[in-house]
Every structure is written in C-alpha cells, then in structure tokens.
Amino acid sequence: MQKTFNLYIYLKGGEKMQGGLLGTVGPLILMFALFYFLLIRPQQKKQKSVAQMQNELKKGDKIVTIGGLHGIIDALDEGTFVIKCGDGSRLTYDRNAVREVTEKLEDKTIK
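Given below as structure tokens:
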C-alpha cells in the first residue's frame, strides 16, 4: 500500500524534479549562444568586410554596383563616387552602392 501511495504522489507531481535554475535557464542560454554564433556573428563579420571594402575604394578601381552596373571609379567624395561607364558617361552613386571591386588599382600597376 505504501508503494502505491508513493507512486501516486510521484506521478501527481508531489516530488519536484531537481534541476534548479540551470535546468530551467540552461537550454535558453544554449539556444542564445547557438543563435549568436550561427547567425549574428557571421553577419557582423560580413558587414565589417563590406565597410572596409567601401572605405578602401580608390580612383581607377573597377567595380560592380548593387544594380549590376560595371564601371571604373573616376572621382571620389566622402559619401559618393563617380563611375565612368563604357560609353564614356559618368554616373554618381552612393558609396553603399558598391557590391564588389573586380580589379583594384594596384593589380593593374603590377601587371
């Protein structure tokens, strides 16, 4: 009879599971750590490399804009640059519009 009563109390929830704060908060901390290292940190590294690339732009660099326009940087200001396109036209863009630098000025002088 005593065993049945103990089983009844255990199944009813009379005895709480021993896990404490770590058992409750631990999975949340683990999920946050995984979220940080798999999503947030790589995005921060990518933003940092894009900002560095945009700050290192020089006159004569061949670039591609986010709209797909290919051209050569003709002039640079603090926040804008002028692209010289294939037909001789010059277009002004914001520095944030650069997607990639296809050929740097130093690469052309070495070859």
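Residue 3 is where the sequence shown starts when you use the numbering used here, and the numbers rise one by one after that.
From the three backbone atoms N, C-alpha and C, an ideal C-beta is built for every residue, glycine too.
To which residues of the same chain is residue i closer than 6 Å at the C-beta, ignoring the five residues directly before and after it?
i     : result
Lys60 : Leu107
Gln56 : Arg97 and Val100
Please say whether residue j and residue i have beta carbons closer to each other than 9 Å?
i     : j     : result
Ile68 : Asp76 : no
Would you call residue i buried or exposed, if buried means 16 or more other Cβ atoms sit within 10 Å of its Cβ?
i      : result
Phe83  : buried
Val100 : buried
By Cβ distance, which residues of its chain are closer than 8 Å to residue i, with the 5 residues on each side in sequence left out?
i      : result
Thr104 : Lys64, Ile65, Val66 and His72
Gly81  : Asp96 and Arg97
Ala35  : none
Could you check where the beta strand (DSSP E) with residue i kicks off and where it finishes?
i     : result
Leu93 : Arg92 to Asp96
Ala77 : His72 to Leu78
Ile68 : Premise fails: Ile68 is in no beta strand (DSSP E) and is neither H nor E.
Ile42 : No beta strand (DSSP E) contains Ile42, which DSSP labels as neither H nor E.
Which first and last residues belong to the alpha helix (DSSP H) in which residue i is found?
i     : result
Leu30 : Gly22 to Phe37
Lys60 : Run containing Lys60: none; DSSP gives neither H nor E here.
Whose C-alpha, out of the options, is nearest the C-alpha of residue i?
i      : options                       : result
Glu102 : Leu30, Ala35, Gly70 and Gly28 : Gly70
Cys87  : Ile74, Val27 and Leu78        : Ile74
Glu58  : Leu78, Ala35 and Leu32        : Leu78
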